[in-house]
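A.B. asks: Taken in sequence, the protein lines are chains A and B. FYI, the numbering for the first sequence is -8 to 205, going by my numbering. FYI, the numbering for the second sequence is -8 to 205, going by my numbering.
Number of protein chains: 2
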Amino acid sequence: MPTPRGRIDKRQAILDAAITVFARRGYDQACVQEIADEARVAKPTVYNHLTDKATLFREAMTAAARTAIGRHLATLDRLTDPGDDLQPVLREVALDLLRCHCDERARAVRRLLSAEAARFPDLLSLVHGPSGHRVTEALADRLARLALAGRLRPADPSVAAEQLLALLTGPADLRWPLVAPPDDDLAGIADAAVDTFLRAYGVGTEKPGPHGAG
Amino acid sequence: MPTPRGRIDKRQAILDAAITVFARRGYDQACVQEIADEARVAKPTVYNHLTDKATLFREAMTAAARTAIGRHLATLDRLTDPGDDLQPVLREVALDLLRCHCDERARAVRRLLSAEAARFPDLLSLVHGPSGHRVTEALADRLARLALAGRLRPADPSVAAEQLLALLTGPADLRWPLVAPPDDDLAGIADAAVDTFLRAYGVGTEKPGPHGAG
DNA sequence: GTAAGACTGAACTGGCGAGTTCAGTAGCCA
DNA sequence: TGGCTACTGAACTCGCCAGTTCAGTCTTAC
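1. For P(-5)/A, which three-state DSSP category applies?
2. Counting only Cβ-Cβ distances shorter than 7 Å, please list the residues of the stretch 168 to 180 of chain A near chain B, keeping chain order.
3. What do you reckon, are the CB atoms on A183/A and V150/B nearer than 8 Å?
4. With H, G and I counted as helix, E and B as strand and the rest as coil, what does DSSP make of G61/B?
5. Could you check the C-alpha separation between L139/B and A181/B for me, to the nearest Å?
6. If you compare alpha carbons, which of P168/B, T42/B, A178/B, G141/B is closest to D76/B?
7. Since P172/A contacts C91/A with CB under 8 Å, what's their CB separation in whole angstroms?
8. For the stretch 136 to 162 of chain B, which residues have a beta carbon sitting closer than 9 Å to at least one beta carbon of chain A?
9. Nearest-angstrom Cα distance between E107/B and E29/B?
10. Give a yes or no on whether the minimum CB-CB distance between R57/A and chain B is below 8 Å.
11. From the beta carbon of T53/B, is the nearest beta carbon of chain A less than 8 Å away?
12. Would L67/A and R133/A qualify as a contact pair, given that the criterion is a beta-carbon distance under 8 Å?
13. Mark A56/A as exposed unless 16 or more other C-beta atoms lie within 10 angstroms of its C-beta, in which case mark it buried.
14. Just how far apart, CA to CA, sit A65/A and G74/A?
15. Given this structure, state the Cα-to-Cα distance separating D186/B from E83/A, to the nearest angstrom.
16. If we ignore side chains and look at the alpha-carbon of each, how far apart do P162/A and P35/A end up?
17. Would you report the Cα separation of R60/A and E128/A, rounded to the nearest angstrom?
18. Indicate the three-state DSSP secondary structure (helix, strand or coil) for G120/B in the structure shown.
19. Among R31/A, F48/A, Y38/A, D43/A, which residue has its Cα nearest to the Cα of G17/A?
20. Can you find a C-beta in chain A that's less than 8 Å from the C-beta of V194/B?
21. Does chain B have any CB closer than 8 Å to the CB of A191/A?
22. Quick one: what does DSSP say T187/A is sitting in, helix, strand or coil?
23. For chain B, check one thing: does any of its Cβ atoms lie closer than 8 Å to the Cβ of D43/A?
24. By the 10 Å Cβ neighbour count, where 16 or more other Cβ atoms means buried, how is V118/B classified, buried or exposed?
25. I'd like to know if R49/A contacts chain B, where contact means its C-beta is closer than 8 Å to some C-beta of that chain.
26. Measuring alpha carbon to alpha carbon, tell me which residue in A85/A, R101/A, A97/A, V170/A is nearest A178/A.
27. Check the Cβ-Cβ distances between D19/B and every residue of chain A, and say whether any is below 8 Å.
28. For a cutoff of 8 Å on Cβ pairs, would you count H124/A as touching chain B?
29. Under a CB-based cut-off of 8 Å, is S105/B close to chain A?
30. Just checking: is the beta-carbon of A183/A within a distance shorter than 8 Å of some beta-carbon in chain B?
31. Quick check: is the beta carbon of T36/B nearer than 8 Å to any beta carbon in chain A?
32. What do you reckon, are the CB atoms on A14/B and L103/B nearer than 8 Å?
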């Protein structure tokens, strides 16, 4: 294959390896040699593509955050036209959002972001759009449509979105601070979150599901 | 005062300084000399009281986490005997919990804990009791009493506690990832959280407050 | 007054890792 | 063939910091 390879896919391999190693060791403990080894590349090649350890970190984090947010937004698209029964769609979307949230790479990116926010303040804007958190705002858009269509109680869509996301991610992060939760647990958390959300924001026609009062 | 001083309060000063500097720089970037300076103490004194940088970190984190959790639990005690009107008490307690959560020191402890959990796995047990998260379980105890007294809808108290805490902390962490939120914002978040919580878990007699449907 | 012990400041060792240099190799194009 | 470019591996410099040593000081106890 006579393509001008090397250049492109080595850079990609380095960025992948960088996120892997940074996730494993943290920024300071990660040494560039280990990243080079993980990428099957010599150390000077790393410095050739990405001048610094700092730029290496920045680029790797940017790429990883972009894909993570992309997955979230793609999942949220499925709320655009829910069928006639809101609750099951909401449950499915909630579960998939939670899967994105608990994905190993996504967890690592969040952890590194919060750990290194002081040293790399610009990285915070990866996750924040002009008006707050990007995923939250996208969810707020969907909820606003649903409220306007009479499928949800009219309320501040940004608050509702924040709360639905909090109901999803809070319990998951609380119960599994280190590792990704098993999928059964995720489903339980997602169902409980949607249940509570619909009790608070649903209209009479939408039932909250067979949870709770037993 | 002919007490054998020096010993005790120097140790305390060192631990305080350690948390301050670790919060400012992170574990790796914090150097022992800076901690010694912050504590107005010579570097060998630090090593005299706390053998290692690692033990220094462990002890400082343990002390800080203990006080933070103590504040949370003290606040939760006020839910033991709420008056005849649940909603305002819940709002006050929620606001104070949120204040504890957003306290600068508490934020730093959480950030350091998640950043260094891989290197100091034992530190996680600071926050976790035998059955999950200690604050969550304490809140679950209160909610169980309230449910038994007919003041809340009967439901799994652990799930309810997780969700109430998530409704409080999630939006705060989302909106203010770096600094402590201003108190007005905290009050708004707490009221919205209690509102949503009572819509989902309240019984007919407890009104969710004048929020929402505007 | 004097001895024991906590503390200080400064200097030192040793290791580790970021970033560089360089001589050499492999693929590509004329 | 011969030159260009990307890459390799190894060795090297340099600064930083954990942890130690030590001679001297200050406090307290008897």
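For glycine and all other residues, C-beta sits at the position ideal for the given N, C-alpha and C. The structure presented is a predicted model; accordingly, all values stated were derived computationally and were not measured.
C.D. replies: Here's the rundown:
1. Below a pLDDT of 50, predicted positions are generally treated as unreliable, and P(-5)/A, at 43, falls in that range; the measurement from the model is reported next regardless. Coil, per DSSP.
2. P168, L169
3. yes
4. helix
5. 24 Å
6. G141/B
7. Going by Cβ atoms, the distance from P172/A to C91/A rounds to 13 Å, so no, they are not a contact pair.
8. R144, P145, A146, D147, V150, A151, E153, Q154, L156, A157, L158, L159, T160, G161, P162
9. 22 Å
10. no
11. no
12. yes
13. buried
14. 18 Å
15. 26 Å
16. 44 Å
17. Strictly speaking, residue 60/A in this sequence is Ile, with Arg absent from that position. Computed Cα separation, rounded: 12 Å.
18. strand
19. F48/A
20. no
21. yes
22. helix
23. no
24. buried
25. no
26. A85/A
27. yes
28. yes
29. yes
30. yes
31. no
32. yes
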